[in-house]
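Working notes, structure below.
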Amino acid sequence: MKRVNQVTTEQIVEQDGCLLHYWLTGSEDKPLIIFTHGAGVDHHEFDAQVPFIAQEYRVLTWDVRGHGLSQLRGKEFTIRDAINDLLTMLERLGCSQATFVGHSMGGNIHQELVFYYPNSIRALVMLGCTCNTLKLSQLEMLQTQIAISLLKFYPWNLLKHQMVQVSAISAEARAYLNRAFEQISKHNFIAVMTELTKVLHYEPGYHITQPLLLTHGDNDMTGNIKKIASVWATREPNCRYQVIPKAGHAANLDNSKFFNSLLLDFLHEYVPVTVTGKLPPWG
Numbered sequence: 001m002k003r004v005n006q007v008t009t010e011q012i013v014e015q016d017g018c019l020l021h022y023w024l025t026g027s028e029d030k031p032l033i034i035f036t037h038g039a040g041v042d043h044h045e046f047d048a049q050v051p052f053i054a055q056e057y058r059v060l061t062w063d064v065r066g067h068g069l070s071q072l073r074g075k076e077f078t079i080r081d082a083i084n085d086l087l088t089m090l091e092r093l094g095c096s097q098a099t100f101v102g103h104s105m106g107g108n109i110h111q112e113l114v115f116y117y118p119n120s121i122r123a124l125v126m127l128g129c130t131c132n133t134l135k136l137s138q139l140e141m142l143q144t145q146i147a148i149s150l151l152k153f154y155p156w157n158l159l160k161h162q163m164v165q166v167s168a169i170s171a172e173a174r175a176y177l178n179r180a181f182e183q184i185s186k187h188n189f190i191a192v193m194t195e196l197t198k199v200l201h202y203e204p205g206y207h208i209t210q211p212l213l214l215t216h217g218d219n220d221m222t223g224n225i226k227k228i229a230s231v232w233a234t235r236e237p238n239c240r241y242q243v244i245p246k247a248g249h250a251a252n253l254d255n256s257k258f259f260n261s262l263l264l265d266f267l268h269e270y271v272p273v274t275v276t277g278k279l280p281p282w283g
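Under UniProt numbering, think of the first position of the sequence shown as 1, with each following residue one higher.
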């Protein structure tokens, strides 16, 4: 791939009690790819993806409200607000839709976006996240509720350490996660995790109609992500399912080379670079 000069510009918009920070890289006339990071970290999670993908696409990364530089002021984090943030950014950029790449929490937010605003989505990439709309067993529901209830009693430093250890296997990835988790308080993290349980709503007969790349690390041991991935993939009519080798929960950090290649192949197939960022509605 021929390298081109890239300029990243930071944008700030005041949105419902939050100074929302986001960054744009790549040509304005290219299709827009929006990356949304996992819980507790920030936009730097995708530092290995941005320069690679922005060679051919316009890339937006952002600090989700309550994370990184997008700190909340007197308001709790909600998924509903995060969805509105994405819609606001699309509107500011004059784009009717984009392709969304989400890791963990980011994928859960994008699933709600495509559920309620399907015309805003060109294609989806779900990395290391559970399915919002599959049915949970009674045991899984109970385990989820207990886990959230116990968080407030957990020593914060120990919790951060364990999250880092379970999320990545490479020393470089763990070093980044350690730095990123220092930016979020225990209170805000619990609020985020509590909100993530609220997006789990069983929807029998529901399908994501847009092209979907579903992927996770082969060593992802968080939640039920690895367990239900193949079931989820079978349910979706336009799904490509791929396991990322030598990677944990944050597979884009552990094995960025494999993930970047997988992502670019998917984008080439479903998001032609010859079209502009202002795409017509899907379908």
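Idealized CB from N, CA, C, for every residue including glycine.
Bear in mind the structure is a predicted one, so any value in this text is a computation, not a measurement.
Three-way DSSP call (helix, strand, coil) for residue i in this model
i, result
"Ser-70", "strand"
"Leu-136", "coil"
"Glu-14", "strand"
"Tyr-270", "helix"
"His-43", "helix"
"Thr-234", "helix"
"Val-50", "helix"
"Val-64", "coil"
"Ala-123", "strand"
"Ala-247", "coil"
"Tyr-116", "helix"
"Gly-283", "Confidence is the limiting factor: at Gly-283 the pLDDT is only 31, short of 50, which leaves the residue's position unreliable, though a coordinate-based value still follows. Coil, per DSSP."
Buried versus exposed, by CB contacts within 10 Å (16 or more), residue i
i, result
"Leu-26", "The displayed chain sequence assigns Gly, not Leu, to residue 26. Looking at its Cβ environment, which holds 16 or more other Cβ atoms inside 10 Å, Gly-26 is buried."
"Pro-245", "exposed"
"Asp-47", "exposed"
"Pro-31", "buried"
"Leu-139", "exposed"
"Met-141", "exposed"
"Tyr-202", "exposed"
"Ala-147", "exposed"
"Asn-157", "exposed"
"Asp-265", "exposed"
"Met-1", "Because the pLDDT of Met-1 is 49, which lies under 50, any placement of that residue in the model is unreliable, and the question is left without a value."
"Gln-165", "exposed"
"Ala-82", "buried"
"Phe-153", "exposed"
"Ser-149", "exposed"
"Glu-91", "exposed"
"Val-64", "buried"
"Ala-175", "exposed"
"Glu-56", "buried"
"Glu-215", "The amino acid occupying residue 215 in the given sequence is Thr; Glu does not appear at that position. By the neighbour-count rule (16 or more Cβ atoms within 10 Å), Thr-215 is buried."
"Ser-70", "buried"
Beta carbon of residue i nearer than 8 Å to that of residue j
i, j, result
"Leu-24", "Arg-58", "yes"
"Arg-122", "Val-273", "no"
"Phe-77", "Ala-173", "no"
"Val-13", "Thr-61", "no"
"Asp-85", "Gln-15", "yes"
"Glu-45", "Gly-38", "yes"
"Thr-133", "Ile-228", "no"
"Arg-80", "Cys-18", "no"
"His-110", "Leu-124", "yes"
"Val-199", "Asn-108", "yes"
"His-207", "Arg-235", "yes"
"Tyr-241", "Ala-233", "yes"
"Phe-181", "Met-163", "yes"
"Gln-6", "Pro-51", "yes"
CB-CB length for residue i against residue j, believed under 8 Å
i, j, result
"Met-126", "Leu-20", "Not a contact, Cβ separation roughly 23 Å."
"Ile-53", "Leu-196", "At roughly 26 Å, the Cβ-Cβ gap does not stay under 8 Å, so Ile-53 and Leu-196 are not in contact."
"Ile-184", "Gly-40", "5 Å"
"Gly-68", "Asp-42", "3 Å"
"Gly-128", "Gly-217", "7 Å"
"Ile-34", "Phe-100", "5 Å"
"Ala-250", "Ser-167", "5 Å"
"Ile-169", "Asn-238", "Actually they are not in contact, since the Cβ atoms of Ile-169 and Asn-238 sit about 31 Å apart, beyond 8 Å."
"Asn-260", "Gln-49", "6 Å"
In the region 67–111, which residue ranges form an unbroken alpha helix (DSSP H) of at least 4 residues, counting only runs that do not cross its ends? 79–93
I'd like the ranges of any beta strand (DSSP E) spanning at least 3 consecutive residues and lying wholly in the region 143–226. 212–217
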